[in-house]
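S.K.: In our numbering, each residue's number is its place in the sequence shown (first place is 1) plus 458.
Even for Gly, the Cβ is constructed at its ideal location relative to N, Cα and C.
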Amino acid sequence: MAKEPRPIDELTIWDDAKAMLKKARAEGIETVHERLDQQTPHCKMCELGTSCRNCTMGPCRVSEKKPLGVCGADADVIVARNFGRFVAGGAAGHSDHGRDLIEVLEAIVEGETTDYKITEEGKLRTIAGEIGIETEGRTVKEVAHDVMDEFFADFGSRRKEVSFLARVPQKRKDVWAKLGMTPRGVDREIAEMMHRTHMGCDNDAPNTLIHAARTALADGWGGSMIGTELSDVIFGTPTPRMSTANLGVIKEDQVNILVHGHNPVVSEMILAAARDPQLVARAKELGASGINVAGLCCTGNELLMRQGIPMAGNHLMTELAIITGAVEAIVVDYQCIMPSLVQISGCYHTKFIDTANKARFTGGIHYDFQPATAMTQAKEIVSLAVEGFAQRDKGRVDIPCEPIDIMTGFSNEAVIAALGGSLDPLVQAIVAGDIRGAVGIVGCNNPKIKQDSLNVGLAKELIKRDILVIATGCVTTAAGKAGLLVPEAIEMAGPGLKKICGSLGIPPVLHYGSCVDNSRIMQLCAALANTLNVDISDLPVGASSPEWYSEKAAAIGLYAVASGIQTHLGHPPHILGSETVTNLAVAGLEDLVGAAFFIEPDPVRTAEIFDERIKAKRKALGLSE
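(1) Would you report the Cα separation of E578 and T697, rounded to the nearest angstrom?
(2) Would N1098 be called buried (16 or more neighbouring beta carbons within 10 Å of its own) or exposed?
(3) Check whether the stretch 835–846 touches the stretch 942–950, taking contact to mean three or more Cβ pairs, one atom from each stretch, closer than 8 angstroms.
(4) Nearest by alpha-carbon distance to H773: which of S701, M980, Q765 and G758 is it?
(5) Exposed or buried, what is M478 when buried is set at 16 or more other beta-carbons lying within 10 Å of its beta-carbon?
(6) So for R764, helix, strand or coil by DSSP?
(7) Find out if the Cβ-Cβ distance for the pair L962, L926 is shorter than 8 angstroms.
(8) Is it true that the stretch 500–515 meets the stretch 935–943, where meeting means three or more beta-carbon pairs spaced less than 8 angstroms apart?
(9) Would you identify the three-state DSSP class for Q628, choosing helix, strand or coil?
(10) Compare the Cα-Cα distances from V601 to each of D612, T584 and I979 and report the closest residue.
(11) Quick check: the stretch 1056–1073 against the stretch 904–922, are there 3 or more CB pairs under 8 angstroms?
(12) Does the Cβ of C504 have 16 or more other Cβ atoms within 10 Å, making it buried, or fewer, making it exposed?
(13) On the DSSP letters alone, give me the boundaries of the beta strand (DSSP E) that A770 sits inside.
(14) Using a Cβ-Cβ cutoff of less than 8 angstroms, which residues in the same chain neighbour A663 once the five nearest sequence positions on both sides are dropped?
(15) Exposed or buried, what is D826 when buried is set at 16 or more other beta-carbons lying within 10 Å of its beta-carbon?
(16) Quick one: residues in its chain with C-beta nearer than 8 angstroms to the C-beta of I958, no 5 flanking neighbours on either side, listed in chain order?
(17) Please list the segments of the alpha helix (DSSP H) lying wholly inside the stretch 850–899, counting only runs of 4 or more residues, in order along the chain.
(18) On the DSSP bridge assignment, give the partners of G753 in chain order.
(19) Three or more C-beta pairs under 8 angstroms: does that hold for the stretch 760–773 against the stretch 982–999?
(20) Please classify G860 as buried or exposed, where buried requires at least 16 neighbouring CB atoms within 10 angstroms.
(21) Answer with buried or exposed for D558, where buried requires no fewer than 16 other C-beta atoms within 10 angstroms of its C-beta.
(22) Between L881 and the rest of its own chain, which residues show a CB-CB distance below 7 angstroms, the 5 nearest in sequence each way excluded?
(23) Please classify E619: is it buried, with 16 or more other beta-carbons within 10 angstroms of its beta-carbon, or exposed?
(24) Whose CA, out of L1016, H1032, T808 and C973, lies closest to the CA of G719?
(25) For the stretch 673–688 and the stretch 1013–1025, state whether three or more C-beta atom pairs, one from each stretch, are separated by less than 8 angstroms.
(26) Grab me the residues of T782's own chain with a C-beta within less than 7 angstroms of its C-beta, minus the 5 sequence neighbours each way, in chain order.
(27) Check whether the stretch 790–807 and the stretch 482–491 are in contact - that is, three or more C-beta pairs closer than 8 angstroms.
(28) Does the Cβ-Cβ distance between Y970 and I964 come in under 8 angstroms?
(29) Is the stretch 540–557 touching the stretch 1001–1017 in the sense that three or more CB pairs, one from each, lie closer than 8 angstroms?
(30) Within this structure, are the beta carbons of R493 and S509 separated by less than 8 angstroms?
(31) Got a sec? Which residues, its chain only, sit under 6 angstroms from S615 by beta carbon, not counting five neighbours each side?
(32) In terms of residue numbering, what span does the alpha helix (DSSP H) encompassing R699 cover?
(33) By the three-class DSSP mapping on this structure, what secondary structure does F810 have?
(34) Just to confirm, is the Cβ distance from K908 to E594 under 8 angstroms?
(35) So, at 7 angstroms on beta carbons, what are the nonlocal neighbours of D495 in its own chain, with the 5 sequence-adjacent residues on each side left out?
(36) Looking only at its chain, what residues have a beta carbon closer than 7 angstroms to the beta carbon of I560, apart from the 5 residues adjacent to it on each side?
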């Protein structure tokens, strides 16, 4: 017997989402929420992490009655293996993103593309200096060539540590060295994680988890950081600007192209092609007033940060954006793209176009996007969207709201520039207690949680307490729709945060980019720690992913903890079947690396826990609580 669908009011806090969910049900279109209902109740063994499929002697499920798998592995070993592989998957995703940016830089250096260029020569030279490359008297291409080689080597097996550890406080590096946690190479740590979790290898759960942390650190201080920094070099370092968000950014009178995924290599070129005068003229011939590019998820965040392109939505809005009936094309690269988007696009005139061989979608239109032919391919894709405008069924178009203003573009460089060229004013504000601390709220949506209720609820609770919030990824759209990404949001903040943000004309919640840009937050923490001559674990800071779902989020959370930052998750990973692994995650890591995870589904209680932690860190630094 089919389950009754959950009431729409229980699924999301947003009016635009509710309107589209109602439309989907009226039109017989299944969304993520119905599919979740079909999959519940979930397998308890899988939820606990006590099922193993790593060899064909199994699969095995261990419990009190059956405590050992066929090979003899107990719950501790199986849970640690599963979590280690989960982290390796997340580290691979974000780090492969970084590798793609190195390959674009290589194409620029080797003269294989004229569609991409080095936009930020100054930042390139700064990075080169940080990682020990000579810049004086050398051309930009010579410097870029050496940076490219250095970063490619960070993915290999012959290094003692990845290049960007040059940014890490020595006290933190000493902690990692003592634990055998220093990240040596991105691919090396991922491959070793897979080896360790093969049957008959690492059968000591804490040892497995130490390497999981090393793998995550190789992502956070290696692959992800490379992706962020080279995106700035190639496409420009973000600076503050205004934009808009929610489904109202989709325009009824224009050709609408949504870009989705994580890699700006594709979306930046789609945007450039959409501005081509001939394509704009053709759109007008077909009755459109122009071509509108809007973003979804982290590709959207990349364009939002650098180009001010509006955000249509986050993870749980991706299906609903198509259901407006006004989207001519959705152009994707990789990560966080639901395969259901192909089927839902087929219910309308929308063309679903994939662009990466590592992320093909059955039923989609495929382009093998390459640096040498990027603009030509982008124009072909935009042309498909333009021609599709004539096929739109105007009777099925429903754009449910007007867009909301947001402020974006807060890179570290932009923040330091706003502070007058150094971090000293920020340090002074922290010392004075006007900014008591900071928490990065990052990551995803999960259909198990009422959409954005925890993301928004936690942000509001923190800024009340004079705790600055830094947002990335899917939290960006949530914070924007809640009115937290505009300077006027200081009215929701505590008196100290209101004073500081008001004087700078900035919001109390700063948009710091896509989820790969969590590396910006790590760099900022490292810079603050170096300025104060302390470890990152001594700072009054925290991290949170309230509505997380992905392997990447687990890797991010683990590299934050291993870097010394207390990290909150709104629900647990699949580790509760092992008391050893769970205790290490929520307590034991504190003794090892100076931070740990905590799990809490209530945003008010979460804010209280962060508040107490920040009080303790401030007291230890000799500051008023």
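M.R.: On the basis of the coordinates in this document:
(1) Walking along the sequence shown from the start, residue 578 turns up at place 120. Walking along the sequence shown from the start, residue 697 turns up at place 239. C-alpha separation (whole angstroms): 13 angstroms.
(2) Not covered by the structure: residue 1098. The range shown for the chain is 459 to 1083.
(3) no
(4) On the sequence shown, position 315 is the one that residue 773 refers to. With respect to the C-alpha of H773, the residue from S701, M980, Q765 and G758 having the closest C-alpha is G758.
(5) In the sequence shown, counting from the first residue as 1, residue 478 sits at position 20. Classification of M478: buried, given that the 10 Å Cβ count is 16 or more.
(6) Counted from its first residue, the sequence shown places residue 764 at position 306. Here R764 sits in helix by DSSP.
(7) For the purposes of this step, residue 962 is identified with residue 504 of the sequence shown, where counting begins at 1. For the purposes of this step, residue 926 is identified with residue 468 of the sequence shown, where counting begins at 1. No, Cβ-Cβ distance for L962 and L926 is not below 8 angstroms.
(8) no
(9) Sequence index remark: in the sequence shown, residue 628 carries index 170 (1-based). Of the three classes helix, strand and coil, the one that applies to Q628 here is helix, per DSSP.
(10) Taking the sequence shown and counting its residues from 1, one reaches residue 601 at position 143. The option with the nearest alpha carbon to V601 is T584.
(11) yes
(12) By 1-based counting over the sequence shown, the position of residue 504 is 46. Answer is exposed; the Cβ neighbour count stays below 16.
(13) If you number the sequence shown from 1, residue 770 lands on position 312. Note, A770: beta strand (DSSP E), M769 to G771.
(14) Here residue 663 corresponds to residue number 205 of the sequence shown, with the count starting at 1. Result list for A663: D534, V535, V537, A538, S1036, T1038, V1039 and L1042, in chain order.
(15) As a first step, residue 826 is located in the sequence shown; it is residue number 368 there, counting from the start. Exposed, since its Cβ has fewer than 16 Cβ neighbours within 10 Å.
(16) As a first step, residue 958 is located in the sequence shown; it is residue number 500 there, counting from the start. Cβ within range, chain order: A887, D892 and I893.
(17) Runs of the alpha helix (DSSP H) lying entirely within the stretch 850–899 and spanning at least 4 residues, in chain order: 870–876 and 882–890.
(18) Stepping through the sequence shown from its first residue, residue 753 is reached at position 295. Paired residues: V717 and M769.
(19) In short, these stretches do not touch, since the Cβ pair count stays below three.
(20) Reading the sequence shown from its first residue, position 402 is the one you call residue 860. A small fix is needed here, since residue 860 is Glu in this sequence, not Gly. With fewer than 16 Cβ atoms within 10 Å of its Cβ, E860 is classed as exposed.
(21) Residue numbering aside, residue 558 sits at position 100 when the sequence shown is read from its first letter. Classification for D558: buried.
(22) Position 423 of the sequence shown, counting from 1, holds the residue named residue 881. The residues are I874, A985, L986 and T989.
(23) Locating residue 619 in the sequence shown gives position 161, counting from the first residue. Classification of E619: buried, given that the 10 Å Cβ count is 16 or more.
(24) Position 261 of the sequence shown, counted from the start, is the residue given in the question as residue 719. It is C973 whose Cα lies nearest to the Cα of G719.
(25) yes
(26) Along the sequence shown, read from residue 1 onward, the residue named residue 782 stands at position 324. Closer than 7 angstroms at Cβ, skipping near neighbours: M478, L705, I708, V855, D856 and I857.
(27) yes
(28) Within the sequence shown, numbered from 1, the residue matching residue 970 stands at position 512. Within the sequence shown, numbered from 1, the residue matching residue 964 stands at position 506. Taking 8 angstroms as the Cβ cut-off, Y970 and I964 do not qualify as a contacting pair.
(29) yes
(30) Mapped onto the sequence shown, residue 493 falls at position 35. Mapped onto the sequence shown, residue 509 falls at position 51. Not in contact: R493 and S509 (Cβ atoms no closer than 8 angstroms).
(31) The residue you call residue 615 lines up with position 157 of the sequence shown. Hits under 6 angstroms: G643 and R646.
(32) Taking the sequence shown and counting its residues from 1, the one referred to as residue 699 is at position 241. No alpha helix (DSSP H) contains R699, which is instead part of the beta strand (DSSP E) from R699 to A703.
(33) Your numbering for residue 810 matches position 352 in the sequence shown. Here F810 sits in strand by DSSP.
(34) Here residue 908 corresponds to residue number 450 of the sequence shown, with the count starting at 1. Here residue 594 corresponds to residue number 136 of the sequence shown, with the count starting at 1. Result no, Cβ atoms of K908 and E594 do not sit closer than 8 angstroms.
(35) Here residue 495 corresponds to residue number 37 of the sequence shown, with the count starting at 1. Same-chain partners within the cutoff: K461, P463 and R464.
(36) By one-based count along the sequence shown, residue 560 stands at place 102. The answer, listed in chain order, is M606, F609, F610, I684 and L688.
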